[in-house]
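Colleague: Numbering-wise, UniProt numbering puts 12 at position 12 of the sequence shown, and it's gapless, one number per residue.
All residues carry an ideal CB built from backbone N, CA and C; glycine is no exception.
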Amino acid sequence: MLAEARRNVIATTVKRERVVRVADLAESLGVSLMTVRRDIDTLHDAGELEKIHGGAKARSESSLYEPGFELKSTQAGPEKEAIARAALPLVHDGMAVGLSAGTTTWTLAKHLLPLKQLTIVTNSVRTASVFYDSGSTHTVLLTGGERTPSDALVGPMAIQSMRHLHLDLLFMGVHGVDPHAGFTTPNMLEAEMDRALIAASRRVVVLADHSKWGTMGISSIASFEQVEEMISDVGLPADAQSFLQDRLPKLHLVDPAAPGSSAKTEPVVRAY
1 MLAEARRNVI
11 ATTVKRERVV
21 RVADLAESLG
31 VSLMTVRRDI
41 DTLHDAGELE
51 KIHGGAKARS
61 ESSLYEPGFE
71 LKSTQAGPEK
81 EAIARAALPL
91 VHDGMAVGLS
101 AGTTTWTLAK
111 HLLPLKQLTI
121 VTNSVRTASV
131 FYDSGSTHTV
141 LLTGGERTPS
151 DALVGPMAIQ
161 SMRHLHLDLL
171 FMGVHGVDPH
181 AGFTTPNMLE
191 AEMDRALIAA
201 SRRVVVLADH
211 SKWGTMGISS
221 IASFEQVEEM
231 ISDVGLPADA
241 QSFLQDRLPK
251 LHLVDPAAPG
261 SSAKTEPVVR
271 AY
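1) What's the call for Ala258, buried or exposed, on a 16-neighbour Cβ count within 10 Å?
2) Which of the three DSSP states, helix, strand or coil, is assigned to Ser62?
3) His53 and Asp239 look like a contact to me (Cβ under 8 Å); what is the Cβ gap, rounded to whole Å?
4) Go through its chain and collect everything with a Cβ distance to Glu79's Cβ below 6 Å, but skip five positions before and after it.
5) Given that a residue counts as buried once 16 or more other Cβ atoms are within 10 Å of its Cβ, and exposed if not, what is Thr137?
6) Is DSSP giving His180 helix, strand or coil here?
7) When the Cα of residue 283 is compared with those of Asn123, His175, Ala181, which residue comes out closest?
8) Are the CB atoms of Ala87 and Ile231 within a distance shorter than 8 Å?
9) Is it right to say Thr12 is buried, meaning 16 or more other beta carbons lie within 10 angstroms of its own, or is it exposed?
10) The alpha helix (DSSP H) that contains Ile83, what's its start and end?
11) Which residue or residues does DSSP assign as beta-bridge partners of Ile231?
12) Using beta-carbon positions only, say whether Thr107 and Glu81 come within less than 8 Å of one another.
13) Put Ala152 into one of helix, strand or coil per three-state DSSP.
14) One question on the structure: do Asp194 and Met172 come within less than 8 Å of each other, judged by their Cβ atoms?
15) Ignore the nearest five residues each way along the sequence and tell me which others in Ala191's own chain have a CB closer than 6 Å to its CB.
16) Whole angstroms are fine: how far does the CA of Gln160 sit from the CA of Asn153?
17) In the DSSP assignment, find the beta strand (DSSP E) that holds Arg18 and state where it starts and stops.
18) What residue does the alpha helix (DSSP H) around residue 274 start on, and which one ends it?
19) Between which residues of its own chain and Ala196 is the CB-CB distance below 7 Å, once the five residues before and five after are set aside?
20) Check Ile198 in the structure and name its three-state DSSP category.
21) Answer yes or no: do Ala58 and Arg18 have a C-beta to C-beta separation smaller than 8 Å?
22) Taking Cβ positions, are Gly94 and Ala200 nearer each other than 8 Å?
23) Have a look at Ile120 and Asp133 and give me their C-alpha separation to the nearest angstrom.
24) Could you check where the alpha helix (DSSP H) with Val121 kicks off and where it finishes?
25) If the criterion is Cβ atoms closer than 8 Å, does the pair Val205 and Val174 meet it?
26) Between the alpha carbons of Val22 and Gly135, how many angstroms are there, rounded?
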């Protein structure tokens, strides 16, 4: 493959996956690590991507950029599936479970269907539809509010609906994870709603694939101190893994490509 074609593949992969590792690119392209590093340097200088330790990530977007649900649902699919399956053992029959808006929490919702007597609280139209459309017998409480591009319900009505609720466990999806800003979103009203969900929850678990690292929305949802656990994937850069291990009680990394990671089995998980 010619250098120009190879760099086009790398740039396209980074745009789709958000964060990629040099080793993965080298394996998929059948070239050396040094060749990939030189390609990343060239693409970085051309403004096509951002070079990071051990890989590359998509260029930083405006802190107000908010992709729609349909676009986000096509990104990092295997990682989100593996993360959702790793989260499933945390849920037990009879729990009151919060699911914030997002495509990873939406993926998790599908895996919760076989459980019994759950009370699901969500501000996500898409997530509520998973339970309604399946004929599930779970109790589902969908907040009111105004709808965002991510199909989240936000605003005073949504906030008010959370004031007297108490959740055993909250699974929170995020737009970005930043070393300084913590967990963030580009929608200020959605951040306010997420904070209301956190305030109502005994335990908060963030579900975020590796592409969320280094992305910062305009509004912070939570600091690292407010989160008990984060489930991500092995694509998370090494410096991010080290940073999060030092600041979170638990960090779980799943490998969607490892043996035993199919939808019918438990994913491979590294716990820290």
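Modeller: Taking the definition as stated:
1) exposed
2) In this predicted model, Ser62 has a pLDDT of only 48, less than 50, meaning its place in the structure is not dependable enough to derive any value.
3) 5 Å
4) Asp209, Asp233, Pro256
5) Counting the other CB atoms within 10 Å of its CB gives Thr137 a total below 16, which places it among the exposed residues.
6) Here His180 sits in coil by DSSP.
7) Here the chain comprises residues numbered 1 to 272, so residue 283 is not present and cannot be evaluated.
8) Yes, Cβ-Cβ distance for Ile231 and Ala87 is below 8 Å.
9) exposed
10) 77-87 is the extent of the alpha helix (DSSP H) around Ile83.
11) Leu207, His252
12) Contact check for Thr107 against Glu81 passes: the beta carbons are separated by less than 8 Å.
13) strand
14) It is a contact, given that the beta carbons lie within the stated cut-off.
15) Thr185, Ser219, Ile221
16) Note that residue 153 is Leu in the sequence shown, not Asn. Leu153 and Gln160: Cα-Cα distance of roughly 12 Å.
17) From DSSP, Arg18 is part of no beta strand (DSSP E); its letter is neither H nor E.
18) Here the chain comprises residues numbered 1 to 272, so residue 274 is not present and cannot be evaluated.
19) Ile159, Met162
20) helix
21) yes
22) no
23) 15 Å
24) Run containing Val121: none in the alpha helix (DSSP H); it sits in the beta strand (DSSP E), 119-122.
25) In this structure, Val205 sits away from Val174, with a CB-CB distance that is not shorter than 8 Å.
26) 45 Å
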